[in-house]
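Engineer: Adding 5 to a residue's 1-based position in the sequence shown gives its number in the working numbering.
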Amino acid sequence: STATWKIVNSHYGPYDHYAEAGMSEWFDVLRGSGIHVFLYGHTHGQKHDYSSSLGIHFVENGAGGGIQKESASGIPSFATEYAKNEWTCTGDEYGFFSLGASKDWLKLQYQTTDNKWTFAEEFANTTVGGVATKHCWYIPADGKEGRAC
């Protein structure tokens with residue numbers, strides 16, 4: 006593809022939810038593919054990892070519903086030489102990742118409720134607040150690690 010940005014969306018992450026042999030198969034496909042971001046869910050948590058050997062950012066985006074409190078997947082010991090964690094949500098809230106694109110950068114943000122919200126059993130008794138950004142990262146088009154916003 007000649008697209009500026011190449012993004013994969015999958016139910017499972019290529020190393021979080023597979024044994025080492027399955028991870029190796031995924032990495033063989035991903036290596037040299039030009040993919041910038043690999044989005045996935047399954048686990049009801051949020052995290053952002055980066056693989057310098059693949060030049061790919063891995064984003065677990067699963068805290069938007071379902072199980073309210075679940076920790077993000079860790080990086081299995083067999084995958085630590087290939088991926089490092091940039092950020093992990095504490096697992097005690099709903100939230101979502103968003104991606105914004107320019108020619109040079111993708112802007113990855115994790116957003117959730119701010120501290121002005123109060124939740125009640127009845128929605129009519131809920132106080133609506135605003136949005137808090139808890140993780141913001143610039144992902145460069147060259148496949149490098151990038152930096153915090």
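No residue lacks a Cβ here, since even glycine has one placed at the ideal position from N, Cα and C.
Give me, in chain order, the residues of the same chain whose beta-carbon lies closer than 7 Å to that of Asp33; leave out the 5 immediate sequence neighbours on both sides.
Structural biologist: For the purposes of this step, residue 33 is taken as the residue at position 28 of the sequence shown. None.
Engineer: Excluding the 5 residues preceding and the 5 following Gly50 in the sequence, name in chain order all residues of the same chain whose CB lies nearer than 7 Å to its CB.
Structural biologist: As a working mapping, residue 50 is identified with position 45 in the sequence shown. Around Gly50: Glu65, Gly67, Ala68, Glu75, Ser76, Ala77, Ser78, Cys94 and Gly96.
Engineer: Between the beta-carbon of Glu25 and the beta-carbon of Phe83, is there less than 7 Å?
Structural biologist: Locating residue 25 in the sequence shown gives position 20, counting from the first residue. Locating residue 83 in the sequence shown gives position 78, counting from the first residue. Contact annotation: Glu25 and Phe83 have beta-carbon atoms nearer than 7 Å.
Engineer: Under the three-state reduction of DSSP, which class applies to Val32: helix, strand or coil?
Structural biologist: What you label residue 32 is simply residue 27 of the sequence shown in a count that begins at 1. Val is not the amino acid found at residue 32; the sequence shown has Phe there. In this structure, Phe32 counts as helix in the three-state DSSP scheme.
Engineer: DSSP three-state call for Gly27: helix, strand or coil?
Structural biologist: Counted from its first residue, the sequence shown places residue 27 at position 22. Gly27 falls in the helix class under three-state DSSP.
Engineer: Using the C-alpha atoms, what's the distance from His140 back to Trp110?
Structural biologist: Residue numbering aside, residue 110 sits at position 105 when the sequence shown is read from its first letter. Residue numbering aside, residue 140 sits at position 135 when the sequence shown is read from its first letter. Distance between the alpha carbons of Trp110 and His140 is about 16 Å.
Engineer: Which residue comes first and which comes last in the beta strand (DSSP E) that contains His53?
Structural biologist: Here residue 53 corresponds to residue number 48 of the sequence shown, with the count starting at 1. Segment Gln51 to Ser56, the beta strand (DSSP E) holding His53.
Engineer: Could you work out which residue in His47, Phe128 and Lys121 is closest to Gly135 when comparing CA atoms only?
Structural biologist: Position 130 of the sequence shown, counted from the first residue, corresponds to residue 135. Selected option, being the one with the closest Cα: Lys121.
Engineer: His41 and Lys11: beta carbons closer than 7 Å?
Structural biologist: Position 36 of the sequence shown holds residue 41. Position 6 of the sequence shown holds residue 11. The answer is yes: Cβ separation under 7 Å.
Engineer: Going by DSSP, name the residue or residues bridged to Asn14.
Structural biologist: The count along the sequence shown starts at 1 and reaches residue 14 at position 9. Per DSSP, Leu44.
Engineer: Do Gly27 and Tyr45 have their C-beta atoms closer together than 7 Å?
Structural biologist: Along the sequence shown, one-based indexing puts residue 27 at 22. Along the sequence shown, one-based indexing puts residue 45 at 40. Cβ atoms of Gly27 and Tyr45: not closer than 7 Å.
Engineer: Using a threshold of 7 Å, state whether the C-beta atoms of His22 and His53 are closer than that.
Structural biologist: Here residue 22 refers to the residue found at position 17 when the sequence shown is read from its first residue. Here residue 53 refers to the residue found at position 48 when the sequence shown is read from its first residue. Against a cut-off of 7 Å, the Cβ pair of His53 and His22 comes out as no contact.
Engineer: So, Leu113 versus Trp92, is the Cβ gap smaller than 7 Å?
Structural biologist: Position 108 of the sequence shown, counted from the start, is the residue given in the question as residue 113. Position 87 of the sequence shown, counted from the start, is the residue given in the question as residue 92. Between Leu113 and Trp92, the CB-CB gap reaches or exceeds 7 Å.
Engineer: How many whole angstroms separate the CB atoms of Ser38 and Tyr87, which I take to be in contact at a CB cut-off of 8 Å?
Structural biologist: Within the sequence shown, the letter at position 33 stands for residue 38. Within the sequence shown, the letter at position 82 stands for residue 87. Tyr87 and Ser38 do not touch by the CB rule: their CB atoms are close to 15 Å apart, not below 8 Å.
Engineer: Whole angstroms are fine: how far does the CA of Phe124 sit from the CA of Gly148?
Structural biologist: Residue mapping note: residue 148 aligns to position 143 of the sequence shown, counting from 1. Residue mapping note: residue 124 aligns to position 119 of the sequence shown, counting from 1. Each residue's alpha carbon lies about 41 Å from the other.
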